[in-house]
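To start, the structure under review is shown below, and the notes come after it.
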Amino acid sequence: MYRLSRMRFIFPIVLLLAFFLDGSLSSVFSSFLFSYPYSMVSHLVILWIVLGVIQEGRNTRVTPFTFFAAVIGFLFDTYYAGILGLFVFLFPLIVWVTRMLSKNFSPTFFNSIMIFFIDIALLELLNYIAYSIIGIASASFADFVLYTLAPTLALNLIYFVVFYVPISAVYEKYARLRS
């Protein structure tokens with residue numbers, strides 16, 4: 148019998164909401180998030196994806212996270228970044244890294260926040276490297292770490308602490324398999 152989780156339908160809807168909320172928060176709070184020389188990048192999409200992978204765990208693979216990550220990466224590239232191909236690659240990479248890390252750790256709050264921290268740091272680092280290679284980023288690595296990576300990690304860890312319990316509750320309620 149084919150088993151289907153309701154989360155398979157809820158996941159992309161919330162992913163799109165997180166996509167638009169990332170842009171809206173960045174626009175509304177731009178004077179706070181992007182005050183020179185600091186820059187904080189909101190990653191609610193990554194939060195939703197990472198917690199989804201962690202919550203669904205290694206028991207079942209019902210939600211096609213890699214597919215959704217690639218699609219939302221394409222939307223990110225076309226709508227926010229303007230460079231097609233970067234986030235299409237990076238978001239599925241984050242899914243893979245999260246799966247690899249979550250195999251070795253139980254899905255507790257502290258393990259999840261550690262995995263999320265690594266994912267955000269990796270995403271921002273690879274994004275910086277790619278933009279440096281093509282000549283868009285001109286900041287030194289030390290400036291990037293101090294003025295972009297550290298504030299971005301702080302903002303997204305606050306997001307994690309605030310949204311961990313609600314997102315876990317959504318997964319607890321809707322990720323159960325039904326026949």
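FYI, my numbering numbers position 107 of the sequence shown as 254, with every residue one higher than the one before it. Where is the CB? At the ideal position from N, CA and C, for every residue including glycine. None of these values were measured; they are calculated from a predicted model.
Item	Value
Does the separation of the CB atoms of Phe252 and Asn258 fall below 8 Å?	yes
With Ile281 and Ile193 assumed to form a contact (beta carbons below 8 Å), what rounded beta-carbon distance in angstroms separates them?	Ile281 to Ile193, Cβ: 22 Å. No contact.
Mind checking Glu319: buried by the 16 CB within 10 Å criterion, or exposed?	exposed
Going by other Cβ atoms of all chains shown within 10 Å of its Cβ, with 16 needed for buried, is Pro239 buried or exposed?	buried
What three-state label does DSSP hand Arg153 in the structure shown?	coil
Residue range of the alpha helix (DSSP H) that Val274 falls in?	A quick correction: the sequence has Asn, not Val, at residue 274. Here the alpha helix (DSSP H) through Asn274 covers 256-280.
To the nearest angstrom, how far is the alpha carbon of Ser174 from that of Phe158?	24 Å
Under three-state DSSP, which class holds Asn303?	helix
Kindly indicate the opening and closing residues of the alpha helix (DSSP H) around Ile241.	233-250
When you compare the CB positions of Phe215 and Val235, do they come within less than 8 Å of one another, or not?	no
When the distance is taken between beta carbons, is Thr210 closer than 8 Å to Met247?	no
Give the single residue among Glu203, Leu191, Thr255, Tyr278 whose Cα lies nearest to the Cα of Gly232.	Tyr278
Am I right that Ile283 and Val197 are in contact with their C-beta atoms under 8 Å? What's the rounded C-beta distance?	At roughly 26 Å, the Cβ-Cβ gap does not stay under 8 Å, so Ile283 and Val197 are not in contact.
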